[in-house]
Every structure is written in structure tokens, then in C-alpha cells.
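**Q** Take a look at this one; I'll ask things after.
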Ligand SMILES: [Zn+2]
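In this note's numbering, the protein residues as written are 113 to 264.
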């Protein structure tokens with residue numbers, strides 16, 4: 113867990129902001145506004161319906177397509193690291209594997225980016241042939257239509 117002191121952009125109060133660790137996703141934990149101002153902002157925004165959301169939708173592609181793009185993406189990651197040797201560039205990983213109780217398996221997820229769009233291949237180790245490939249997209253909620261692809 114990492115915490116830092118901030119000054120609220122609206123009311124000017126000093127407050128403690130938690131930038132990582134358990135609880136950092138709390139609705140009033142924000143890097144710009146104090147918890148009191150965030151309560152007011154959240155209450156106001158609760159009246160505004162969400163119009164767009166990020167989704168991972170199934171994408172029709174082969175294992176080989178993913179493998180070839182995986183190699184290209186690994187090269188892009190190496191180049192990004194080399195271009196910024198003092199910075200931090202972490203290879204993206206899927207944060208929440210699924211657990212199958214019957215077999216005691218965790219699913220395997222590989223992430224890549226192709227032309228700025230994120231793709232994920234998911235499979236169970238004992239059933240690689242049942243793999244699925246997903247594409248990261250922005251969807252307009254009212255129509256269910258994909259607006260555009262999103263990076264990882
Ligand atoms: Zn404030």
C-alpha cells in the first residue's frame with residue numbers, strides 16, 4: 113500500500129490519498145479531490161447514466177494468429193523498455209485468473225496489443241483446444257455497438 117498527502121483541487125483541504133494496495137479503489141479515494149468533495153461529486157454523478165463501457169468481446173482468430181502477433185508484441189515491449197531505460201515499463205498481465213474446482217486448474221491468459229488494440233487469449237491448461245480470444249473494446253451501452261478498439 114502506498115499513501116501520499118494531497119491538497120484538494122476544490123476545497124484546498126489536505127488529505128491522504130492511497131495510490132495502491134487494498135482499498136485504493138474506494139469511491140472517495142481520489143488523487144485530485146478530498147473524500148468530502150468526492151462524496152458530493154459521486155452523488156451528483158450517480159444521477160448521470162453511464163453511456164459507454166469497456167468490454168472484452170470474443171474475437172474470431174486462430175491460435176497461430178495470436179502466436180505470431182505475440183512475437184511482434186514482445187518486440188514492441190523490448191523496444192519500449194529500451195527507449196526508456198530509466199522508466200518503468202511492465203509487460204501487461206491479466207490480473208484475475210479463474211479457478212476450476214473440478215480440475216484444480218487456473219486459467220491461462222496472454223495479453224497482446226495489435227495496432228493499439230488489446231487482445232487476450234484464455235484457455236485451461238488441460239484443454240488448450242478450447243481456447244478463446246477476446247478483443248478489448250469500447251461499447252455504447254444503449255446500442256450495444258462497438259465504438260472502437262481499446263489498448264490493454
Ligand atoms: Zn475537497
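Even glycine gets a Cβ: it sits at the ideal position worked out from N, Cα and C.
Keep in mind the model is a prediction, meaning the values are calculated, not measured.
Pair every Cβ in the stretch 153-160 with every Cβ in the stretch 125-137, then say whether three or more of these pairs are closer than 8 Å.
**A** Result no; under three Cβ-Cβ pairs closer than 8 Å.
**Q** For ligand 1, enumerate in chain order all residues having a CB closer than 6 Å to any of its heavy atoms.
**A** Spelled out in chain order, the answer is 120, 122, 123, 125, 145, 146, 148, 149.
**Q** Can you say whether residue 150 is buried or exposed, counting buried as having 16 or more other CB atoms within 10 angstroms of its CB?
**A** Buried.
**Q** Mind checking who residue 165 pairs with in its DSSP beta bridge?
**A** Bridge partners of residue 165: 251.
**Q** Please report the distance separating the alpha-carbon of residue 235 from that of residue 195.
**A** Computed Cα separation, rounded: 33 Å.
**Q** Report the option in 251, 259, 264 whose CA atom is closest to the CA atom of residue 167.
**A** Selected option, being the one with the closest Cα: 251.
**Q** DSSP three-state label for residue 153, please.
**A** Here residue 153 sits in helix by DSSP.
**Q** Between the C-alpha atoms of residue 226 and residue 124, what's the straight-line distance to the nearest angstrom?
**A** One C-alpha to the other measures close to 43 Å.
**Q** Note down, in chain order, each residue of its chain lying with its Cβ closer than 8 Å to the Cβ of residue 244, except the 5 sequence neighbours on either side.
**A** Here the set comprises 170, 233, 234, 235.
**Q** Quick check on the burial criterion: 16 or more other C-beta atoms within 10 angstroms. Buried or exposed for residue 145?
**A** It is buried - the Cβ of residue 145 has at least 16 other Cβ atoms within 10 Å.
**Q** Is the separation between the beta-carbon of residue 185 and that of residue 153 shorter than 9 Å?
**A** Result no, Cβ atoms of residue 185 and residue 153 do not sit closer than 9 Å.
**Q** Going by DSSP in three states, residue 80 sits in which element: helix, strand or coil?
**A** Nothing can be reported for residue 80: it is not among the residues displayed for the chain, which extend from 113 to 264.
**Q** For residue 137, which three-state DSSP category applies?
**A** Residue 137 falls in the coil class under three-state DSSP.
**Q** So for residue 214, helix, strand or coil by DSSP?
**A** Here residue 214 sits in coil by DSSP.
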